[in-house]
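Position one of the sequence shown corresponds to residue 8 (the working numbering), numbered consecutively onward. Even for Gly, the Cβ is constructed at its ideal location relative to N, Cα and C. Structure first, commentary second.
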Amino acid sequence: MTTITAAQVKAFRDRTGLPMMDCKTALAEAGGDEDKAMKILREKGVALSNKRSDRETAFGRMGIYVGDNVAAMVELMCESQPVANHDEFRGLAADLAKQLATGPGASTADELLDQPCPSKKGVTLREHKDELFNRIREVFNVGRIVRIEGKCGAYEHNGTIVHGVLVEATGGSPEQLKDICMHIAAMAPSALDKDSLDPKVIEDEREILRAAAKNEGKPDSIIDKMVEGRMKNFFAERTLNEQPFVKDDKITVGQYAKDNGFALKSFVHWKLGQK
């Protein structure tokens with residue numbers, strides 16, 4: 008039987024960050040081979056993670072990456088607020104977003120997790136996630152992922168509710184686009200513009216306004232005109248381009264963009280854990 012020295016255990020613990028007894032047991036099982044011991048620890052960690060997979064992950068953060076002509080956002084969830092603020096958890100979120108933006112892309116979280124980790128050579132994102140679970144012992148779940156090819160701005164708000172926002176535009180400075188992202192987080196528009204809204208939602212609102220006008224006793228000859236007038240308020244509430252800009256409510260967001268020489272093309276706004 009291979010003798011495992013205290014110095015070996017300490018060196019392995021420094022490498023893994025795991026408890027001394029876990030390191031000693033794995034080294035003993037591996038006959039002192041650190042690479043084999045690492046594999047043993049990873050397999051045990053995966054098994055433990057699977058057993059705990061039904062735990063609620065109500066906390067977390069958005070990993071966001073913005074490059075020259077590409078951006079990505081990844082929702083990463085965990086079990087507690089302290090872990091959501093942990094440097095290594097933040098690093099994992101950032102790695103996920105960076106790989107999604109700069110790698111070949113991915114349509115699912117599993118597909119992304121099997122890709123290389125940008126900050127750790129020779130390690131996949133899944134292996135990095137599993138190693139982090141082994142140290143922290145909380146379940147991590149990768150939720151929604153999105154990648155946008157084009158000029159983008161971004162904003163993340165880590166408060167009682169975690170917001171992540173990406174906005175795609177034809178131009179604009181990072182500061183201008185961030186201001187628009189902050190507006191989106193605060194005002195939660197449903198769509199970019201009138202054309203982007205669900206036609207059924209628009210028609211349903213028109214019917215509600217027609218019924219209200221009839222109940223007010225308005226003549227049929229003016230109801231349609233009244234309805235279209237009131238629809239302006241509906242669009243101003245629901246669409247980004249028509250909303251009064253929070254930093255200058257005398258102009259709309261669309262007008263602010265136009266005045267600064269660019270136009271908005273799309274946006275993504277997520278609240279952590281909320282579809």
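| query | result |
| --- | --- |
| Beta-bridge partners of Y162, as assigned by DSSP | V172 |
| Opposing strand residues paired with L271 [DSSP bridges] | A176 |
| Strand pairing of P251, partner residues [DSSP] | T259 |
| C-alpha gap between M45 and A18, whole angstroms | 13 Å |
| Opposing strand residues paired with E156 [DSSP bridges] | V77 |
| Buried or exposed (CB count within 10 angstroms, at least 16 for buried), Q250 | buried |
| Separation of V253 from A243, as counted between CA atoms | 13 Å |
| For P181, three-class secondary structure by DSSP | helix |
| Burial state of I215, where buried means 16 or more other Cβ atoms lie within 10 Å | exposed |
| Reduced DSSP category for A101 - H, G, I as helix; E, B as strand; rest coil | helix |
| Whole runs of the alpha helix (DSSP H) within the region 196-229, excluding any shorter than 4 residues | 206-222 |
| Neighbourhood of A65 by C-beta, 7 Å cutoff - its chain only, sequence neighbours within 5 removed | G280 |
| Nearest-angstrom Cα separation, counted from N148 out to E223 | 52 Å |
| Cβ neighbours of L103 in the same chain (closer than 7 Å, five flanking residues each side left out) | G70, V81, L83, L119, L132 and V149 |
| V260, buried or exposed, once every other Cβ within 10 Å from all chains shown has been counted against 16 | buried |
| Run of the alpha helix (DSSP H) containing A288, from where it starts to where it stops | Since the first residue of the chain shown is 8 and the last is 282, residue 288 is not available in this structure. |
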